[in-house]
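Engineer:
Number of protein chains: 2
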Amino acid sequence: MIKIAVDAMGGDYAPKEQIEGAMLAIRKIPDIEITLFGDEPTVKSLLTNDERITVVHTEGVIAMGEKDPISAIRSNRKSSMAMALTVVRKGDCDAVVSSGATQALIAGAHILVGRLKAMKRTAIAPLIPTVRGTNTILLDAGGNIEIKPEYMLHQAYFAHIYAHEVMGIAEPKIGLVNIGTEAGKGRDLDQEVYKMFEQDKILNFVGNVEPKDVLDPPCDILISDGFTANIVMKTVEGTAKGIGKMLKQELSRGILGKLGLVLSLGNLKRFKSRLSAEEIGGAMIYGLRGVVVKAQGASKAVGFYNGIRQAAVICRNDVLAKVTAVIEKEFE
Amino acid sequence: MIKIAVDAMGGDYAPKEQIEGAMLAIRKIPDIEITLFGDEPTVKSLLTNDERITVVHTEGVIAMGEKDPISAIRSNRKSSMAMALTVVRKGDCDAVVSSGATQALIAGAHILVGRLKAMKRTAIAPLIPTVRGTNTILLDAGGNIEIKPEYMLHQAYFAHIYAHEVMGIAEPKIGLVNIGTEAGKGRDLDQEVYKMFEQDKILNFVGNVEPKDVLDPPCDILISDGFTANIVMKTVEGTAKGIGKMLKQELSRGILGKLGLVLSLGNLKRFKSRLSAEEIGGAMIYGLRGVVVKAQGASKAVGFYNGIRQAAVICRNDVLAKVTAVIEKEFE
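If you read the protein sequences in the order shown, they are chains A and B.
Mapping of the first sequence onto this note's numbering: residues 1243 to 1574, in sequence order.
Mapping of the second sequence onto this note's numbering: residues 1243 to 1574, in sequence order.
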């Protein structure tokens, strides 16, 4: 049995959607057990089926817009997020899934779960959709602003193994986010990483990738430092949000346009869901001594279920042990 | 009369669309004269009205995908781009408009037009659309990878004056592209620039802006270094392109969907044009001793005309002299 700790209280629609997502996961995935961390009376009132689900009472919630995540975690050790992270550290659970505040989860994971010895820096790696119907791993979407090329290599190995083991890609390709495709483009960091990746024997490096191909990249993994990849992720989000608004404004013009819009509503909804991180699952935090999956803050039941499913696959395929073995071998 | 030099040979659809754009500009803007630089027989065969238009024969074209722009400009002094830039340096023309290779135009402008004494670094500043129907200046979209905070301040002044004089915004607001809105977010560069902008008396600084608001920002100008702003610009482009493809895939599903799509075609076309840099005009290169406007490589006649119109407004409102006066006063 894979044991998954669920932070029931974190997220825009918590705890209702998190609890429904957990019950859905139990129905769909036979080899998991779930521990729900949250306010016991509230959780129990929403839990209509407690098969393979245990509830642990917690006190307090880390706020979604938390500005000082480290203090928040340190001073709220009984919060749902902190307690869910702690059981992973202790080995009582194999993975934690939370849709709580991202920065608090990263800070909490560092403090309460701890870093993998082999990896010097953690990274957060969301999945973004492609026009081909597949997903691309984007990293580091918000961890480390200043980073050494060597640490980016560790992260690249992690993504490589993740793409292979969890996404089922036989030979994952990796590209470096850059302002031009030629070798030698970008900052000193980019140029050094380029050389390192080019010489590497594990990675299938396709070279520099410009973000004008961000939704149709020639690779499965897009990597950059924590500042740049975060900018890319937020620009994709902002552009998608803006285009959605513009589309609505334009499509509802005129009588024929309005009729067209009505007939297109089902398809537009499907279109929207393709762009929604919700449907894709969560972002994994790489480099920890446990599996930590960050589901979207705005997760509803299906999105949260997808995060749990993802965590289960990561555990089932023993991703952490495989990553550690590769990095230790390469750097011994 | 404002004298505008037009590189007739640069661009994906050159010289046809450039020449048509020039004739359109002459019809619409009474106070301009145009000199077309290009292969004389070809240009003359396409020029159906030479009112206020002079043709200067040139030899050779800088290729759109030019990988070594500096050598290309140095070894093609008789090319349409190089000759158009040269007349601006000499003062024979007030501005140059080109839809040729961006990097070659930037390099050529440095070599052949020269830098404004007051500004230590040039910047390229395209306009991106907002959901409100306005445009945002984004800079530096591709000039300087490593930059000092002080040079970013010069560029910010330029954008401020441009927004006021050319876009008619009474009190332009400026935001720093960053990974979080709080002060203290981002790299050392961002933190230093934040402090400098906050204390500045000319700029209306709104603080950090996350690119998840890139199409609906709380400001008229978005600024970052040449690496980051280029990444933002290309991510907007890539996301728009990808979403366009996904939308087409989704909207054409099912019989009702197809009917809806047919009824929506006119509106979708209008939607597409709102996102097209084409409709907005060109990117100005800030910091040169002449007005250099880069129209989109894929410009058709209307897009190119918009670039010429923009160049005319910049000259008419004496933007370069105003920028120089402000920078010299602040740093004397």
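Glycine included, each C-beta is placed from N, C-alpha and C at the ideal position.
None of these values were measured; they are calculated from a predicted model.
With DSSP collapsed to three states, give me the class of GLU1293/A.
Structural biologist: In this structure, GLU1293/A counts as coil in the three-state DSSP scheme.
Engineer: I want to verify the contact list: residues of chain B whose CB lies under 9 angstroms from the CB of GLU1308/A, in sequence order.
Structural biologist: The premise fails here: GLU1308/A is roughly 11 angstroms from chain B at the closest Cβ pair, so nothing lies under 9 angstroms.
Engineer: Assign PRO1460/B to one of two classes, buried (16 or more other C-beta atoms within 10 Å of its C-beta) or exposed (fewer than that).
Structural biologist: By the neighbour-count rule (16 or more Cβ atoms within 10 Å), PRO1460/B is not buried but exposed.
Engineer: Given the structure, does GLU1413/A come close to the ligand MN, in the sense that its CB is under 7 angstroms from one of the ligand's heavy atoms?
Structural biologist: The model depicted lacks the ligand MN and carries no ligand whatsoever.
Engineer: Within the region 1528 to 1558 of chain B, note down every full alpha helix (DSSP H) run reaching 4 residues or more, in order along the chain.
Structural biologist: Here the runs fully enclosed are 1543 to 1558.
Engineer: Name, please, each residue of chain A whose Cβ falls closer than 8 angstroms to the Cβ of ASN1446/B.
Structural biologist: Going along chain A, no residue has its Cβ under 8 angstroms from ASN1446/B, so there is no contact; the nearest lies around 22 angstroms.
Engineer: Roughly how many angstroms separate the alpha carbons of ARG1269/B and THR1423/A, rounded to a whole number?
Structural biologist: Taking the straight line joining both Cα atoms gives about 41 angstroms.
Engineer: Just tell me which of ARG1429/B, GLY1532/B, ILE1387/B has its CA closest to the CA of ASN1472/B.
Structural biologist: When only C-alpha atoms are compared, the closest one is ILE1387/B.
Engineer: Since PHE1400/A sits in a beta bridge, which residues does DSSP pair it with?
Structural biologist: According to DSSP, PHE1400/A bridges with nothing at all.
Engineer: Would you say the region 1284 to 1297 of chain B touches the region 1256 to 1266 of chain B, given that touching needs at least three Cβ pairs under 8 angstroms?
Structural biologist: Yes, they touch.
Engineer: From LYS1476/A, GLY1449/A, THR1477/A, pick the residue whose C-alpha is nearest to that of LEU1464/A; which is it?
Structural biologist: Cα-wise, what sits closest to LEU1464/A is GLY1449/A.
Engineer: How far does the alpha helix (DSSP H) with ASP1432/A in it reach, from first residue to last?
Structural biologist: Taken as a continuous stretch (DSSP letters only), the alpha helix (DSSP H) holding ASP1432/A covers 1430 to 1441.
Engineer: With a cut-off of 8 angstroms, do at least 3 Cβ pairs link the region 1428 to 1441 of chain A to the region 1372 to 1380 of chain A?
Structural biologist: Because the criterion of three Cβ pairs below 8 angstroms is not met, the region 1428 to 1441 of chain A and the region 1372 to 1380 of chain A do not touch.
Engineer: Ends of the beta strand (DSSP E) at ASN1386/B?
Structural biologist: It is not in any beta strand (DSSP E) - ASN1386/B carries neither H nor E in the DSSP assignment.
Engineer: DSSP has ASP1336/B in a bridge; who is on the other side?
Structural biologist: ASP1336/B is not bridged to any residue.
Engineer: Determine the chain A residues that contact VAL1478/B at a beta-carbon separation under 7 angstroms, and present them in chain order.
Structural biologist: In chain order: THR1477, THR1481.
Engineer: For THR1300/B and SER1322/B, which I take to be in contact (beta-carbon distance under 8 angstroms), what is that distance rounded to the nearest angstrom?
Structural biologist: Yes, THR1300/B and SER1322/B are in contact; Cβ-Cβ is about 4 angstroms, under 8 angstroms.
Engineer: Tell whether a beta-carbon distance below 8 angstroms holds between ALA1540/A and ILE1366/A.
Structural biologist: No, they are not a contact pair.
Engineer: Are the C-beta of LEU1327/B and some C-beta of chain A separated by less than 8 angstroms?
Structural biologist: It does not; no Cβ of chain A falls within 8 angstroms.
Engineer: From ILE1312/A to THR1344/A, what does the alpha carbon distance come to, in whole angstroms?
Structural biologist: The straight-line gap from Cα to Cα measures roughly 12 angstroms.
Engineer: If you draw a straight line from the C-alpha of ILE1246/A to the C-alpha of ALA1349/A, how long is it?
Structural biologist: Distance between the alpha carbons of ILE1246/A and ALA1349/A: 20 angstroms.
Engineer: Report, in whole angstroms, the separation of the C-beta atoms of LEU1418/A and TYR1436/A, which I expect to be a contact under 8 angstroms.
Structural biologist: Yes, they are in contact, since the Cβ atoms of LEU1418/A and TYR1436/A sit about 6 angstroms apart, within 8 angstroms.
Engineer: Report yes if the C-beta distance between LYS1476/A and LEU1347/A is below 8 angstroms; otherwise report no.
Structural biologist: For LYS1476/A and LEU1347/A, no; Cβs fall outside 8 angstroms.
Engineer: Out of curiosity, what's the CA-to-CA distance linking LEU1493/B and ILE1403/A?
Structural biologist: Rounded to the nearest angstrom, the two C-alpha atoms are 36 angstroms apart.
Engineer: Looking at the strands, I want to know which residues DSSP matches up with ILE1463/A.
Structural biologist: ILE1379/A, ILE1416/A, per the DSSP bridge assignment.
Engineer: At a CB-CB cut-off below 8 angstroms, which residues of chain A make contact with GLU1452/B?
Structural biologist: Here the neighbours are LYS1476, GLY1480.
Engineer: Using a C-beta cutoff of 8 angstroms, does SER1313/B count as contacting chain A?
Structural biologist: False, the Cβ-Cβ gap to chain A never drops below 8 angstroms.
Engineer: Check each candidate in LYS1571/B, GLY1502/B, VAL1565/B and name the one with the smallest Cα separation from TYR1399/B.
Structural biologist: Comparing Cα-Cα distances from TYR1399/B to each of LYS1571/B, GLY1502/B, VAL1565/B, the minimum goes to VAL1565/B.
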